[in-house]
Amino acid sequence: MVQSPQVDQGHGQASGWTAADTQDVLCALCGIPGRALYRLDPFGVVRCPTCRLVFVSPRLTPEALQRLYDEPAYFEGGVYGDQGRLSPAMLLQRTWTAGRLALIAAQRPAPARLLEIGSAYGLFLDAARAKGYEVSGVELSRTGAEHSRARFGLDVFCGQLEDAPTDEADVVCFWDTLEHVPDPLEFLRQVRSRLADDGVFALSVPYFSSLPARLLRTRWWTLKPEQHIWHYTPQTLSVLAARAGLVVTEVITSPVRPANVTRLDSLVAIGRALPAGD
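Quick look at the structure:
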């Protein structure tokens with residue numbers, strides 16, 4: 071007898087959203103519905119029964135997501151917190167940035183063309199430019215893109231990746247972005263199409279097999295079903311990358327490595343393009 075999956079009912083409705091703001095989706099890899107893990111009305115967290123990729127369904131519609139990301143409070147209150155130079159949030163941002171740039175430079179040093187997807191307020195791009203990279207960005211949030219241009223004079227396209235310029239880059243990076251995109255397989259294919267054959271890509275994502283995620287379940291602080299619509303493990307991330315023509319060569323989960331310092335439920339990965347035909 072096959073038992074039904076246990077469904078954690080969570081702790082009530084996710085703040086501010088109703089079923090009218092949501093839509094059902096299928097697994098990005100297998101094209102089939104997921105099996106319920108958690109209920110966080112009006113959202114559901116599900117797992118693909120074939121490839122084990124975890125995702126949110128129902129999830130916010132594209133229109134609702136755009137409203138969310140256009141709110142200045144999304145960055146100012148949630149992503150960066152207090153932007154004073156000595157604030158703990160900004161000290162961490164600078165530590166992560168330095169660690170990630172060092173990781174990238176070990177494989178693709180400056181001068182090189184660097185594209186950041188999900189460039190937010192432009193802090194990473196500004197630091198990469200200071201290290202000698204020729205930088206550009208793509209950012210969905212109008213607030214973030216305008217801030218990047220006005221404060222740092224950065225070249226940032228505002229909109230979806232598929233509509234952005236297709237200039238080739240030696241480095242493509244996307245920090246805490248892959249969990250947000252509507253279709254991660256198509257997103258990574260877009261990354262591959264922009265990545266030089268000898269280039270590298272680098273990313274960070276929360277991961278569903280982390281100890282906090284497994285212990286806290288619906289109380290996991292990074293679950294955020296209105297924003298984080300795909301949840302990865304090192305294994306599902308590698309499978310997804312391979313399907314897009316990329317290979318992950320290193321995964322960092324240690325919270326003492328500078329690129330990931332203090333983060334108990336996040337991983338940083340770096341990789342390269344697969345040659346055509348692999």
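The letter at position 164 of the sequence shown is residue 234 when you use this note's numbering, and the numbering goes up by one with no holes. C-beta atoms are modelled at their ideal positions from N, C-alpha and C, and glycine is treated no differently.
Report back the beta-carbon spacing between residue i and residue j to the nearest angstrom; my notes put them in contact at under 8 Å.
i	j	result
Asp-335	Ala-283	6 Å
Tyr-277	Leu-337	5 Å
Leu-255	Ala-98	5 Å
Val-242	Arg-264	6 Å
If you follow the beta strand (DSSP E) that residue i is in, where does it begin and where does it stop?
i	result
Asp-268	265–276
Asp-240	239–245
Pro-326	For the sequence presented, residue 326 should be read as Val rather than Pro. Here Val-326 belongs to no beta strand (DSSP E), and DSSP marks it neither H nor E.
Ala-339	336–343
Arg-105	105–110
Ser-308	Where Ser-308 is concerned, there is no enclosing beta strand (DSSP E), although the alpha helix (DSSP H) it sits in stretches over 304–313.
Arg-284	Looking at the DSSP string, Arg-284 is not in any beta strand (DSSP E); the run it does join, the alpha helix (DSSP H), is 281–286.
Gly-207	204–209
Gly-228	The sequence as given places Cys at residue 228; Gly does not occur at that position. Where Cys-228 is concerned, the enclosing beta strand (DSSP E) stretches over 226–228.
Ala-185	The sequence given here places Leu at residue 185; Ala does not occur at that position. Its beta strand (DSSP E) spans residues 183–187.
Arg-289	No beta strand (DSSP E) contains Arg-289, which DSSP labels as neither H nor E.
Val-116	113–117
Val-124	124–126
Tell whether a beta-carbon distance below 8 Å holds between residue i and residue j.
i	j	result
Ala-314	Arg-262	yes
Phe-222	Asp-196	yes
Pro-325	Thr-332	yes
Gly-114	Pro-103	no
Asp-240	Gly-269	yes
Pro-295	Leu-110	yes
Ala-311	Arg-170	no
Ala-134	Pro-112	no
Ala-266	Glu-238	yes
Thr-323	Arg-122	no
Phe-271	Gly-341	yes
Val-116	Leu-107	yes
Phe-194	Thr-165	no
Pro-119	Arg-105	yes
If I follow the unbroken alpha helix (DSSP H) through residue i, where does it start and stop?
i	result
Arg-212	212–222
Leu-23	Absent from the model: residue 23. The displayed extent of the chain is 71 to 348, so no value can be given.
Glu-133	132–140
Ile-174	158–177
Arg-199	193–200
| message | Could you check whether the segment 182–192 touches the segment 204–220, counting it as contact only if at least three pairs of C-beta atoms, one from each stretch, sit closer than 8 Å? | response | The segment 182–192 makes contact with the segment 204–220; the number of CB pairs closer than 8 Å reaches 3 or more.
| query | When the Cβ atoms of the segment 249–266 are set against those of the segment 295–305, are three or more pairs found closer than 8 Å? | reply | Note that the segment 249–266 touches the segment 295–305; at least 3 beta-carbon pairs, one per stretch, sit closer than 8 Å.
| Do three or more CB pairs link the segment 212–219 to the segment 155–165 at distances below 8 Å? | Contact annotation: the segment 212–219 does not touch the segment 155–165, with fewer than three C-beta pairs closer than 8 Å.
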